[in-house]
């Protein structure tokens, strides 16, 4: 175990890519277990890490999101949500959050949400008198709902790493937590808008609101296609993701008529790049996961957790704190592939429901996406808003406190994560 830890810490310290860190750590661990005869297993583990049929859904989900983004879907969703909140004080702040809920059913990636919505909403919020750092904070914090409300690339990766939970259960389990996070953000948004006197907008006439709904409806059907097909059992996740991509092309070309061949090509390029990163991470994480299983690290981790407290709730809170700390220095997917093979078996040994802990882990790691010093979504939103990162951090604190409240709620009441999957 010691060579693995040394290699892991050393490579991480010098700034090596996370995938390389995991591959070399697993290689060192395998060599320490059985010498050269163990090295032949490494290639087999890497292949098995990316050979699952379920993983075909990952590039399809990414491609669908990019097609919707290239096709101008964001403008339609914003127009519809603006018609709902227009007359309320701080309308654009609330629209920013509600659009992210709709967008979550299309992208499943936080940074994609930040860029797509932020490039439109942040300049408009600044123009109407909102603080630039507040516009960045609300955009970044609402974007992390994307990987929690299904479909979610993060959940597909999780189901591939730990195959004791189906991705269908993960999708179903993320619905209530994602909506709770949106509700918490809206409560903070309403309070800050009232306290700071953010502007109202003119009421939207009913005919205009109805027209914006009709225009946005074909795009809003995409999540229903994906989730309806999967949860009803009519399609597999891979089939639903493929059909969603074809549907996105059809409505972009035929209905909205602004999806050109050039934009489709650009969406394909982004898909290949992002998928390559995801698959490389999965291949190398399989090596480290194999070593974790063989070495008994998970058992040792379970023993370490019990030394701090015997109370289940406190144990969960300690693990959540650890995940937040890890998330401050690593992005969501790398953090997930590093810690999940160790923590999940340990928590199952301690008697925790695997689905409950899976959803809690995904929520916490996504909250860490707005936690400095890394905080990729917050950093991206700050760049779009053209404000110093430090000011965006301060502006995000009220939303961050709301997220912590949701995490505590999810930890205390497992049914919030397991009730909908139990109905299936």
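Numbering (our numbering), first residue to last: 2 to 425.
Note that the Cβ used here is the ideal one computed from N, Cα and C, for glycine as well.
For clarity, every value in this text was computed on a predicted model and none was experimentally measured.
- Of the other Cβ atoms in all chains shown, 16 or more fall within 10 Å of the Cβ of residue 419; this residue is therefore buried.
- If you check the CB distance, residue 188 and residue 371 do not come in under 8 angstroms.
- Here residue 272 is buried: its Cβ has 16 or more other Cβ atoms, across all protein chains shown, within 10 Å.
- Counting other Cβ atoms within 10 Å of its Cβ, residue 165 stays below 16 and is therefore classed as exposed.
- A straight line joining the alpha-carbon of residue 132 with that of residue 388 spans about 10 angstroms.
- Between the C-alpha atoms of residue 335 and residue 402 there is a straight-line separation of about 25 angstroms.
- The count of Cβ pairs closer than 8 angstroms, one atom from the segment 185 to 199 and one from the segment 89 to 98, reaches three, so the stretches are in contact.
- Ranking 255, 243, 366 by CA distance to the CA of residue 64 puts 243 first.
- Residue 6 sits exposed, since fewer than 16 C-beta atoms from the chains shown fall within 10 Å of its C-beta.
- Spanning the alpha carbons of residue 27 and residue 288 requires a straight line of approximately 5 angstroms.
- Beyond the five residues adjoining it in sequence on each side, residue 56 comes within less than 8 angstroms, by CB distance, of 157, 161, 280, 283 in the same chain, given in chain order.
- Its Cα nearest to that of residue 74, the residue 101 stands out among 91, 101, 59.
- When C-alpha distances from residue 22 are compared across 126, 32, 11, the shortest belongs to 11.
- Judged by their CB atoms, residue 76 and residue 123 are not nearer to each other than the 8 angstroms cut-off.
- For residue 374, the closest of 394, 359, 179 by C-alpha to C-alpha distance is 394.
- For the pair of segments examined, the segment 338 to 357 was found not to touch the segment 76 to 86: the number of CB pairs separated by less than 8 angstroms stays below three.
- The beta carbons of residue 116 and residue 381 sit closer together than 8 angstroms.
- The shortest CA-to-CA distance from residue 175 to any of 399, 406, 357 is the one to 357.
- Annotation for residue 255: no alpha helix (DSSP H) segment contains it, and DSSP assigns it neither H nor E.
- The closest CA to that of residue 138, considering only 424, 413, 390, 423, is found on 390.
- Straight-line spacing of the CA atoms in residue 407 and residue 180 works out to 10 angstroms.
- Residue 329 and residue 66 have their C-alpha atoms some 26 angstroms from each other.
- Remark: C-beta atoms of residue 412 and residue 361 approach each other more closely than 8 angstroms.
- With a 10 Å radius around the Cβ and a threshold of 16 neighbouring Cβ atoms, residue 367 comes out buried.
- Classified as exposed, residue 15 has fewer than 16 neighbouring CB atoms from the shown chains inside 10 Å of its CB.
- A distance below 7 angstroms between beta-carbons, with the five flanking residues on each side excluded, links residue 90 to the following residues of its chain, in chain order: 194, 195, 199, 201.
- Residue 79 and residue 58 have their C-alpha atoms some 27 angstroms from each other.
- About 7 angstroms separates the Cβ atoms of residue 148 and residue 333, confirming a contact at the 8 angstroms cut-off.
- For residue 164, the three-state secondary structure derived from DSSP is coil.
- No Cβ-Cβ contact shorter than 8 angstroms links residue 236 with residue 54.
- Around the beta carbon of residue 52, fewer than 16 other beta carbons sit within 10 angstroms, so the residue counts as exposed.
- Considering only 386, 424, 210, 327, the residue with the shortest C-alpha distance to residue 128 is 386.
- Counted as a single uninterrupted DSSP element, the stretch harbouring residue 150 is not any alpha helix (DSSP H), since DSSP gives it neither H nor E.
- Of all alpha-carbon atoms in 355, 8, 113, the one lying nearest the alpha-carbon of residue 317 is that of 355.
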